[in-house]
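Written below as structure tokens is the structure these notes are about.
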DNA sequence: CACGCGTGGGA
DNA sequence: TTCCCAAGCGT
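In my numbering, the protein residues as written are 42 to 335.
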């Protein structure tokens, strides 16, 4: 795509008027605040993130503050947001930012990409939303909006970072501020209007220019999406094991963990993988604890 | 590139 | 109830 599919001002005007007042969008939120929000929002809904984000920014207002906390404190504060490895990586990133970047979250995409837990999406989201940089921000919502509005498809096919970035890059105006606003607007549109199940096309600011509308809103025709199981998987067992540790005051005996899952083989495998991932540690007397608290 | 990685809410 | 999913990342 080499041409802009619609007038970006239709979308940015809509965003200026309709954007939800999310806490990390408030005036004065730092790059650190944005990085924390983007990390928590990876695969976790806004409603569950908001209260935890508030707690984190009050408790750890700068990267160096988080870096000074123990891993156990960080994992408890993460609570049940899910995918707790994100919390450890954010902790590591905070230490690197404090040590190597003057305690200020970098604004450059490549520098951000070098930090643990920051990938193609998060690096560009921080550059655009925190620092007003021109960066193609591609998440699942933006991919869906582009698939529909630009390509006329019912939904996005399997992700391809290179192609997806190029698609969105072609839509962005050349100047930083306008591009950053459009990036935010594209995401918001996908989240609140151009949704997976029941898109509210009657409320869409770009419906008149939408290729999917013009094509008669055809159903998604790509390969079927993979649906990941949860019940009975190692992910569920790991979650149960970690939940015991989050709720404990300190190290717990193996017997306390044996109680959460019947299948001993799977239980032990998960315990091992948690140790390998650094989400658990074993004490000298054989008990288990969150890392760094004994 | 496909897969594994938590959790809880809504259809 | 069961299924689908919600601002991805690292391997």
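C-beta atoms are modelled at their ideal positions from N, C-alpha and C, and glycine is treated no differently.
*Looking only at DSSP bridge pairs, what is residue 323 linked to?*
329
_Tell me whether the stretch 220 to 228 and the stretch 282 to 289 touch, counting them as touching only if at least three CB pairs, one residue from each stretch, are closer than 8 angstroms._
no
*asked:* Measuring CB atoms only, is the stretch 88 to 100 touching the stretch 301 to 320, in the sense that at least three cross pairs come out at less than 8 angstroms?
replied: no
*State buried or exposed for residue 58, treating a residue as buried only when at least 16 other CB atoms are found within 10 Å of its CB.*
exposed
_residue 170 versus residue 252: straight-line alpha-carbon distance, rounded_ = 27 angstroms
*Please go through the same chain and pick out, in chain order, the residues whose beta-carbon is closer than 7 angstroms to the beta-carbon of residue 64, but skip the five residues on each side of it.*
So the qualifying residues of the chain are 91, 94, 95.
*Does DSSP classify residue 90 as helix, strand or coil?*
helix
*Look at the alpha carbon of residue 302 and the alpha carbon of residue 67, and state the distance between them as a whole number of angstroms.*
The alpha-carbon atoms of residue 302 and residue 67 are separated by roughly 43 angstroms.
*Taking all protein chains shown into account, decide if residue 275 is buried (16 or more other Cβ within 10 angstroms of its Cβ) or exposed.*
exposed
*Excluding the five sequence neighbours on either side, which residues of its own chain have a C-beta within less than 7 angstroms of the C-beta of residue 166, listed in chain order?*
If we look at residue 166 and ignore the five residues flanking it on each side, its Cβ neighbours are 79, 178.
*Count the other CB atoms within 10 Å of the CB of residue 248; is the residue buried (16 or more) or exposed (fewer)?*
Label assigned to residue 248: buried.
*Whose CA, out of 190, 56, 298, lies closest to the CA of residue 257?*
Ranking the options by Cα distance to residue 257, first place goes to 190.
_If contact is defined by three or more beta carbon pairs under 8 angstroms, each pair taking one atom from either stretch, is the stretch 129 to 143 in contact with the stretch 102 to 120?_
In short, these stretches touch, since the Cβ pair count reaches three.
*Runs of beta strand (DSSP E) lying entirely within the stretch 51 to 77, each at least 3 residues, in chain order*: Runs of the beta strand (DSSP E) inside the stretch 51 to 77: none found.
*According to DSSP, which residues form a beta bridge with residue 293?*
329
*Look at the Cβ atom of residue 82, then the Cβ atom of residue 230, and state whether they are nearer than 8 angstroms.*
no
_residue 164 - DSSP class collapsed to helix/strand/coil_ = helix
*In the structure shown, what three-state DSSP assignment does residue 224 receive?*
Correct three-state label for residue 224: helix.
*Rounded straight-line distance, which links the Cα of residue 227 to that of residue 294*: 50 angstroms
*Residues in its own chain within less than 7 angstroms of residue 103 by CB, not counting five upstream and five downstream?*
Correct list, in chain order: 73, 144.
*Rank 193, 199, 148 by C-alpha distance to the C-alpha of residue 180 and give the top, closest one.*
The residue with the shortest Cα to Cα distance from residue 180 is 199.
*For residue 237, name the three-state secondary structure that DSSP assigns.*
Of the three classes helix, strand and coil, the one that applies to residue 237 here is coil, per DSSP.
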